[in-house]
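Colleague: The structure that follows is given in the form of structure tokens.
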Amino acid sequence: MANTAKARVLGAELRELRKQAGLTVRRLEERLSMSRSTISRIERGDKVPGAEDIGALLAIFSVTGDRRTELIEAAKEADQPNWVEIGGPGIPRQLSALLEFEREATRISDLSLVRVPGLLQTADYARAVFRAGGVPPEQVEMLVAIRMGRREVLTRPAPVRYLALIDEAVLRRPVGGSAVMADQLRHIVKMAELENVTVQVIPFEFGAHIGQDGSHLLLEFAKADPIVHLEHRRSGQFLDELKDTTEFLGLTANLSAQAMNAERSAEVIRSCADLLEG
Numbered sequence: 001m002a003n004t005a006k007a008r009v010l011g012a013e014l015r016e017l018r019k020q021a022g023l024t025v026r027r028l029e030e031r032l033s034m035s036r037s038t039i040s041r042i043e044r045g046d047k048v049p050g051a052e053d054i055g056a057l058l059a060i061f062s063v064t065g066d067r068r069t070e071l072i073e074a075a076k077e078a079d080q081p082n083w084v085e086i087g088g089p090g091i092p093r094q095l096s097a098l099l100e101f102e103r104e105a106t107r108i109s110d111l112s113l114v115r116v117p118g119l120l121q122t123a124d125y126a127r128a129v130f131r132a133g134g135v136p137p138e139q140v141e142m143l144v145a146i147r148m149g150r151r152e153v154l155t156r157p158a159p160v161r162y163l164a165l166i167d168e169a170v171l172r173r174p175v176g177g178s179a180v181m182a183d184q185l186r187h188i189v190k191m192a193e194l195e196n197v198t199v200q201v202i203p204f205e206f207g208a209h210i211g212q213d214g215s216h217l218l219l220e221f222a223k224a225d226p227i228v229h230l231e232h233r234r235s236g237q238f239l240d241e242l243k244d245t246t247e248f249l250g251l252t253a254n255l256s257a258q259a260m261n262a263e264r265s266a267e268v269i270r271s272c273a274d275l276l277e278g
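In structure tokens, the structure reads:
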């Protein structure tokens with residue numbers, strides 16, 4: 001059984017291609033020497049298709065050119081755990097993977113030490129982050145739109161349960177200027193009023209703490225193992241082996257138990273907004 005991050009993303013991509021081709025799993029089974037259960041396992045990421053199978057699937061889906069090459073190469077590596085990619089900001093395939101995992105997750109926990117978590121960002125704040133990060137001007141609005149679209153998982157019917165652990169330094173850094181930052185802080189408080197959203201502040205008085213080695217995004221699923229996403233300027237990594245993700249589960253629970261509770265956190269965030277507007 002694969003069920004690595006790569007296998008799960010490949011499966012989701014093949015499922016989407018099947019739907020775009022107007023095929024049900026039953027109709028696809030009729031055109032392949034492959035059972036419905038095998039097709040379902042591939043689309044869930046529980047099984048990696050071999051070279052012959054991936055070739056047959058892509059032929060039926062009429063996938064050609066660079067896209068075909070990309071998916072065939074992805075299938076060759078899909079059983080390898082802990083997916084690492086190095087490139088420019090916004091690595092396309094890992095960004096698509098993150099969007100898929102966020103849609104499928106039942107619980108997301110986000111430890112943020114540097115900036116406001118992506119799922120809580122306003123458009124103006126995100127725009128300021130991308131511009132300061134050196135993103136080419138022609139790509140900024142596209143990335144802002146994607147980031148705003150990600151927030152849907154918090155407000156859709158049956159929304160994901162979301163925990164944001166935010167270092168106090170994030171609240172004090174006026175990204176985009178005072179007005180943009182104050183609006184951003186007010187937005188965090190508003191989102192924290194949702195039943196499925198919990199925001200906790202890690203105060204300066206903590207000093208050193210267990211989460212200070214870096215930000216992380218922990219995604220938990222109803223019928224699959226957790227995945228941890230780590231992101232840096234020119235690299236991204238998905239951790240999917242239990243020996244790795246279990247440590248992040250414990251770290252997140254530990255920090256949540258020690259951080260300010262939701263009510264006190266909201267008071268601190270409002271206070272920071274008041275100072276910016278004062």
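Going by the UniProt record's numbering, the letters in the sequence shown line up with residues 1 to 278, in that order. We put the beta carbon where it would ideally sit given N, CA and C, even for glycine. Source: prediction; values computed, not measured.
Where does the unbroken beta strand (DSSP E) through SER235 begin, and where does it stop?
Modeller: First-last of the beta strand (DSSP E) with SER235: 235 to 239.
Colleague: Thinking C-alpha only, which one of SER62, LEU185 and LEU249 is nearest GLN20?
Modeller: The option with the nearest alpha carbon to GLN20 is SER62.
Colleague: Which of the three DSSP states is assigned to THR198 in this structure?
Modeller: Looking at THR198 - three-state DSSP - the assignment turns out to be strand.
Colleague: Looking at SER178 and LEU276, is the spacing between their C-beta atoms short of 9 Å?
Modeller: Yes, they are a contact pair.
Colleague: According to DSSP, is SER178 helix, strand or coil?
Modeller: Note: SER178 maps to helix in three-state DSSP.
Colleague: Measuring straight from C-alpha to C-alpha, what distance separates LEU217 and ARG150?
Modeller: Roughly 14 Å separates the two Cα atoms.
Colleague: Which parts of the stretch 199 to 271 are runs of the alpha helix (DSSP H), unbroken and 4 residues or longer, counting only runs that do not cross its ends?
Modeller: Segments of the alpha helix (DSSP H) lying fully in the stretch 199 to 271: 242 to 258.
Colleague: Tell me whether ALA51 is buried or exposed, calling it buried when 16 or more other Cβ atoms sit within 10 Å of its Cβ.
Modeller: Exposed: under 16 other Cβ atoms inside 10 Å.
Colleague: Less than 9 Å between the beta carbons of ASP53 and ALA7, yes or no?
Modeller: Not a contact, by the Cβ cut-off of 9 Å.
Colleague: Taking all protein chains shown into account, do 16 or more other C-beta atoms lie within 10 angstroms of the C-beta of LEU171, making it buried, or fewer, making it exposed?
Modeller: Buried.
Colleague: Report the start-end ranges of each alpha helix (DSSP H) in the stretch 13 to 65 that is 4 residues or longer and not cut off at the edges.
Modeller: Complete alpha helix (DSSP H) runs here, min 4: 25 to 31, 36 to 44 and 51 to 60.
Colleague: Exposed or buried, ASP66, counting other C-beta atoms within 10 Å across all chains shown (16 or more means buried)?
Modeller: Its Cβ having fewer than 16 others within 10 Å, ASP66 is exposed.
Colleague: Helix, strand or coil, according to DSSP, for ALA158 in the structure here?
Modeller: Coil, per DSSP.
Colleague: Per the DSSP calculation, LEU95 is bridged to which residue(s)?
Modeller: Looking at the DSSP assignment, LEU95 forms no beta bridge with any residue, so it has no partner.
Colleague: Measuring only the C-alpha atoms, how far is ALA145 from ALA128?
Modeller: Taking the straight line from one Cα to the other gives about 13 Å.
Colleague: Beta strand (DSSP E) containing ASP110: first to last residue?
Modeller: Run containing ASP110: 107 to 112, per the beta strand (DSSP E) assignment.
Colleague: With H, G and I counted as helix, E and B as strand and the rest as coil, what does DSSP make of ALA75?
Modeller: Of the three classes helix, strand and coil, the one that applies to ALA75 here is helix, per DSSP.
Colleague: To which residues does DSSP link ILE166 through a beta bridge?
Modeller: According to DSSP, ILE166 bridges with SER112 and VAL201.
Colleague: Is VAL9 closer than 9 Å to GLU100 when the C-beta atoms are compared?
Modeller: Yes; because the gap between Cβ atoms is below 9 Å, this pair is in contact.
Colleague: Mark THR64 as exposed unless 16 or more other C-beta atoms lie within 10 angstroms of its C-beta, in which case mark it buried.
Modeller: Result: exposed.
Colleague: Can you tell me the Cα-Cα spacing of ARG31 and GLU43, whole angstroms?
Modeller: Cα-Cα distance, rounded: 17 Å.
Colleague: Assign HIS187 to buried or exposed, taking buried as 16 or more other Cβ atoms, counted over all protein chains shown, within 10 Å of its Cβ.
Modeller: Per the 10 Å Cβ criterion, buried.
Colleague: Hey, TRP83 and PHE221: beta-carbon distance below 9 Å or not?
Modeller: No; because the gap between Cβ atoms is not below 9 Å, this pair is not in contact.
Colleague: Any chance the stretch 198 to 205 sits against the stretch 246 to 259, with 3 or more Cβ pairs inside 8 Å?
Modeller: Yes, the stretch 198 to 205 is in contact with the stretch 246 to 259.
Colleague: Once the 5 residues before and after ASP183 are set aside, which same chain residues still bring their CB inside 7 Å of it?
Modeller: If we look at ASP183 and ignore the five residues flanking it on each side, its Cβ neighbours are THR122 and ASP124.
Colleague: For residue 360, I'd like the list of residues in its chain whose CB is within less than 6 Å of its CB, leaving aside the five on either flank, ordered along the chain.
Modeller: Outside the shown range of the chain (1 to 278) lies residue 360, about which nothing can therefore be said.
Colleague: To which residues does DSSP link VAL84 through a beta bridge?
Modeller: DSSP output for VAL84 lists GLN237 as bridge partner(s).
Colleague: Does the beta-carbon of LYS6, which I'm using as the reference point, lie nearer than 8 Å to any heavy atom of the ligand HEM?
Modeller: The ligand HEM is absent from the structure shown, which contains no ligand whatsoever.
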